[in-house]
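S.K.:
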Amino acid sequence: MADNGSAGPVALVKSALVAAGVGDTVRSFPAGVPTAIAAAEALGCDVAAITNSLVFDLNGEPLLILASGAARVDTTLVAGHLGEGRIRRASPDFVLKHTGQAVGGVSPVGHPRKIRTLLDESLRGQELLWAGAGDHTTMFSITYGQLREITGARELRVR
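In case it helps, UniProt numbering puts the sequence shown at residues 1 to 159.
(1) For the beta strand (DSSP E) containing residue 67, list its first residue and its last residue.
(2) Do residue 115 and residue 22 have their C-beta atoms within less than 7 Å of each other?
(3) Any contact of the region 128-136 with the region 104-118, i.e. 3+ C-beta pairs under 8 Å?
(4) Alpha carbon to alpha carbon, what distance is there between residue 102 and residue 40?
(5) Is residue 148 buried or exposed, if buried means 16 or more other CB atoms sit within 10 Å of its CB?
(6) Give the range of the alpha helix (DSSP H) segment to which residue 93 is assigned.
(7) Between the alpha carbons of residue 136 and residue 85, how many angstroms are there, rounded?
(8) In whole angstroms, give me the CA-to-CA distance for residue 20 and residue 92.
(9) Would the beta-carbon of residue 55 fall within 7 Å of that of residue 64?
(10) Would you please state the rounded distance, in angstroms, between the beta carbons of residue 87 and residue 78? I believe it to be under 8 Å.
(11) Could you tell me the distance, in whole angstroms, from the CA atom of residue 157 to the CA atom of residue 123?
(12) With DSSP collapsed to three states, give me the class of residue 27.
(13) Rounding to the nearest angstrom, what Cα-Cα distance links residue 120 and residue 30 in this structure?
(14) Identify every run of the alpha helix (DSSP H) within the region 94-157, keeping only runs that are complete inside it and at least 4 residues long; order them along the chain.
(15) Name the one or two DSSP bridge partners that residue 46 has.
What follows is the structure, encoded as structure tokens:
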């Protein structure tokens, strides 16, 4: 794979999708899709099909939780499942450092290094998922199985 050190976040996401065999399904929305509700409206889909990429701080290491836009992550529940300490919401600087992407545009893929990832099992019920593609104006489509495979995520009840 080519060196993407100077590539922007969306280009890195596209490269990760293509390298994983999913293909470039990135769509751009000039007006922006900064929230799950805005994304669902722009895409004409249920908010439950929007996959939020939420970065948390678990003992100083990033933990990426891919959660339905219709759900609020219960960090106490997740911490109990993991048994590894308290999960805290990460600061914007922490998120950018570990993902190369700004809060509100974080993608499940395209990060500088692999991030430990959990996948909200409630997303399994959606035929097609939509996730952020590295910034506030892009999204990509993917199936639950493809998302689980390309992220190496552990499936978990997160709410």
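Every residue gets a Cβ at the ideal spot worked out from N, C-alpha and C, and that includes glycine. Predicted, not measured: the structure shown is a model, and the values here were computed from it.
M.R.: Reading from the atomic positions:
(1) Counting from 1 along the sequence shown, the entry for residue 67 is found at position 67. Element bounds for residue 67: 61-68.
(2) Taking the sequence shown and counting its residues from 1, one reaches residue 115 at position 115. Taking the sequence shown and counting its residues from 1, one reaches residue 22 at position 22. Contact flag unset, no.
(3) At 8 Å Cβ cutoff, the stretches touch.
(4) As a working note, residue 40 is residue 40 in the sequence shown. As a working note, residue 102 is residue 102 in the sequence shown. So the alpha carbons of these two residues sit roughly 20 Å apart.
(5) By one-based count along the sequence shown, residue 148 stands at place 148. By the neighbour-count rule (16 or more Cβ atoms within 10 Å), residue 148 is buried.
(6) Taking the sequence shown and counting its residues from 1, the one referred to as residue 93 is at position 93. Residue 93 -> alpha helix (DSSP H) spans 92-99.
(7) Sequence index remark: in the sequence shown, residue 136 carries index 136 (1-based). Sequence index remark: in the sequence shown, residue 85 carries index 85 (1-based). Our two residues, residue 136 and residue 85, have alpha carbons roughly 31 Å apart in a direct line.
(8) Here residue 20 corresponds to residue number 20 of the sequence shown, with the count starting at 1. Here residue 92 corresponds to residue number 92 of the sequence shown, with the count starting at 1. As the crow flies, the alpha-carbon of residue 20 is around 28 Å from that of residue 92.
(9) Taking the sequence shown and counting its residues from 1, the one referred to as residue 55 is at position 55. Taking the sequence shown and counting its residues from 1, the one referred to as residue 64 is at position 64. Yes.
(10) As a first step, residue 87 must be located in the sequence shown, where it is residue number 87. As a first step, residue 78 must be located in the sequence shown, where it is residue number 78. Confirmed, about 6 Å.
(11) Position 157 of the sequence shown holds residue 157. Position 123 of the sequence shown holds residue 123. Spanning the two alpha carbons is a distance of roughly 10 Å.
(12) Counting from one through the sequence shown, the residue named residue 27 turns up at place 27. DSSP places residue 27 in strand when its eight states are reduced to three.
(13) In the sequence shown, the residue the question calls residue 120 occupies position 120. In the sequence shown, the residue the question calls residue 30 occupies position 30. If you draw a straight line from the Cα of residue 120 to the Cα of residue 30, it comes to about 28 Å.
(14) Runs of alpha helix (DSSP H) with 4 or more residues, each lying fully within the region 94-157, are found at 144-151, listed in chain order.
(15) Here residue 46 is taken as the residue at index 46 of the sequence shown, counted from 1. DSSP, once it has assigned bridges, lists no residue as partnering residue 46.
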